[in-house]
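Visitor:
Numbering (our numbering), first residue to last: 612 to 1130.
(1) Give me the DSSP bridge partner(s) of residue 726.
(2) Please classify residue 893 as buried or exposed, where buried requires at least 16 neighbouring CB atoms within 10 angstroms.
(3) Take every Cβ of the segment 668-681, pair it with every Cβ of the segment 793-801, and state whether three or more of those distances are shorter than 8 Å.
(4) What whole-angstrom Cβ distance do residue 800 and residue 659 have, given they're in contact under 8 Å?
(5) Per DSSP, which residues does residue 1053 bridge with? Please list them.
(6) With a Cβ-Cβ cutoff of 9 Å, do residue 1053 and residue 1076 count as a contact?
(7) Around the C-beta of residue 823, are 16 or more other C-beta atoms found within 10 angstroms, so that it is buried, or is it exposed?
(8) Is it right to say residue 720 is buried, meaning 16 or more other beta carbons lie within 10 angstroms of its own, or is it exposed?
(9) Could you give the DSSP three-state label for residue 863: helix, strand or coil?
(10) What are the boundary residues of the beta strand (DSSP E) that residue 960 is part of?
(11) Examine the Cβ distances between the segment 974-982 and the segment 1051-1068 and report whether three or more of them are shorter than 8 Å.
(12) In angstroms, rounded to a whole number, what distance separates the CA positions of residue 1037 and residue 1031?
(13) Among the candidates 943, 753 and 1116, whose CA atom is the shortest distance from the CA of residue 692?
(14) For residue 984, which residues from the same chain have a beta carbon less than 8 Å from its beta carbon, with the 5 sequence-adjacent residues on both sides left out?
(15) Kindly indicate the opening and closing residues of the alpha helix (DSSP H) around residue 876.
(16) Between the alpha carbons of residue 818 and residue 639, how many angstroms are there, rounded?
(17) Give the DSSP-derived three-state secondary structure of residue 814 in the structure shown.
(18) Report the three-state DSSP secondary structure of residue 774 (helix, strand or coil).
(19) Would you tell me roughly how many angstroms separate the C-alpha atoms of residue 730 and residue 688, rounded to the nearest one?
(20) Are there 16 or more other CB atoms within 10 angstroms of the CB of residue 1125, so buried, or fewer, so exposed?
(21) If we call anything under 9 Å between Cβ atoms a contact, is residue 904 one with residue 930?
(22) When you compare only the Cα positions, how much space is there between residue 880 and residue 920?
(23) Can you find at least 3 beta carbon pairs, one from the segment 959-974 and one from the segment 853-866, that sit closer than 8 Å?
(24) With a threshold of 7 Å on Cβ separation, who are the neighbours of residue 875 within its own chain once the five nearest residues in sequence on each side are excluded?
(25) Using only the alpha-carbon positions, how far apart do residue 802 and residue 1109 sit?
(26) Assuming residue 792 and residue 653 form a contact by the criterion Cβ under 8 Å, report the distance between their Cβ atoms to the nearest whole angstrom.
(27) Out of 934, 1085 and 907, state which residue places its alpha-carbon closest to the alpha-carbon of residue 886.
(28) Could I get the ranges of all uninterrupted alpha helix (DSSP H) runs contained in the segment 927-988, with 4 residues as the minimum, in chain order?
(29) So, under 8 Å CB-CB, residue 949 and residue 808 are touching, yes? Tell me the CB distance rounded to an integer number of Å.
(30) Is there a C-beta anywhere in chain C that falls below 9 Å from the one on residue 991?
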C-alpha cells in the first residue's frame, strides 16, 4: 500500500505527463523486469479501474522509444479504446499510427508506435500489410480478454506487457498463467480510495431469486434466461423501488444482460416520468455521441444499457450504479462498479445497487483480493464461489428502512421458516403448521404497530416481499416448487393473513397492549 499523498500532490493533479507516486513506482518495476528478463518475456500488470493504466503504459511507451531503437505496438479489443489510447499517447508526445481496417499503411515506416484493435490487426497480419519485424514491445490493454492470445505467435521475440484490472481470464479453460510468466500487482482499491484517487462505493444488495438462470457455454448466465427473469413485473417493480430508495435524483447508470431488458427498463422509468435514455451496440456512432452528451449534461439522468459501457467509458459525474443483472464474471463485476468510482471535487462516494446477488457471490468491491493466488490458481478461486442455491440458502429477508420504521414497535420482524419446518418435522407435525405459525407472526407484528383493524390490514398489504420470501423458503423445505403451486400459495397466504386479522384482532391486541382496542 502506498504512503498517504501530500496535500500539494492532491492539489496539483492534471491529465497528461504528471504521474502520481504509485504510477512512477509501477513504471520502475515494469522497466526493471524488462531489463532483467529475456526479450520474449510476458509480464502482466494489474491496477484497478480508475488507477490510470493508460497513463502508465503511455509513459512506458514514451520512455521505451527514447531509450531503444525498436518499435511499439499497443493492442486493444474495441475501437473506442483504440482512439482513446491514441489520444493519450499523443498527450505524452508519442506520434502513433492507428491500424484500422481502412487505414492506409503506406506511411508506416514513419511511425515507431502503432495502435490496433485485435481483430483488425489479425486481418492485417494475415494479409501481410503491416511490418512487425522491428516490434520490441507489445502492450495489451484489457489483457484478460483471450482474443489477444492468438496473435502471440507473431511476437515471439517481443517483450509483451499485458495490463488489466482483474488478472482472471475471460475463459476459464485458458488461464492467464498459461500466457504470462509473471504478475505485478499494483495499488489496491482500498489504497486508492484512502489517498483520494477513487470514490468509496456504498453498496446496497437486494436479495434476488436466481435459480431460474441458466449458465451458458461461456461460463456466464445466458441472455435468454436473464431476460426472462429481469423483464417480469416483479423484478421491474423491485428495480424501481430500489432506485427510489437509494438513487432518486442521482446520475445513474444501469447495467442489464440483454437489449430487451434494457428497453423494458427504459419504458418503466419513462412511464414513471424520470429522465432516462437507452443505449446498446446497435446505436449509430452519432446516436451514441448524442446520448452520452445528454447523460453528461443532465444532473439526474438515468442511462440504461447493456455491457457496452463496461470498458472505455469515463464519466466521473456518475453517482449511482445499478447492477440489474447477475454475472459469474468477477471481471465484469469490477468493471461495472468501476464506472462510478471516478473522483470529483464534490464526490467522494457513490452508490451501488445490486440486484443480482453479485455482492454475496464476489464480496464487496474493493475487498482485499489475493491477485497473485488468483493468477496462479484461478480454479481454486472459481471453485470456491458459492452457487446460487447456496447463496439463496443463506439469505434472510431484511425490511427496507422506511418499512421497518412502520414496524418500529416490534423487536423482531424476522421469522425463520427453515428452523420452524425442521422443528415441526421432529415433532411429527404437518408441514402446514409452518405457514400457520408464519401467519400468526405476521399478524402479531401488524397488530403491535396498529391502533385498529384497518391499520393492521393496511400494514399487512405492505408485507408482500416478506410473504414471497417466506413462501419460497417454505417450498424449498417441502421440495415442491412448480410455478402455479408457488403462486397459489402466495395468494392463499395473503387471504389467510387478512382472515386471521379480522377474526383475532381484538384478542391479540389486548394480549399485546394490555388494553382493549379502540372501537
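A virtual CB, placed ideally from N, CA and C, is assigned to each residue, including glycine. The model shown is predicted, which means the values in this text are computed figures rather than measured ones.
Guide: On the basis of the coordinates in this document:
(1) 685 and 709
(2) exposed
(3) no
(4) 5 Å
(5) Paired residue(s): none; residue 1053 is not in a bridge.
(6) no
(7) exposed
(8) exposed
(9) strand
(10) 960-965
(11) no
(12) 10 Å
(13) 753
(14) 991 and 992
(15) 870-882
(16) 45 Å
(17) strand
(18) strand
(19) 8 Å
(20) exposed
(21) no
(22) 20 Å
(23) yes
(24) 842 and 847
(25) 53 Å
(26) 5 Å
(27) 907
(28) 941-949, 969-973 and 982-987
(29) 12 Å between Cβ atoms; not a contact.
(30) Any reference to chain C falls outside this structure, which holds one protein chain only.
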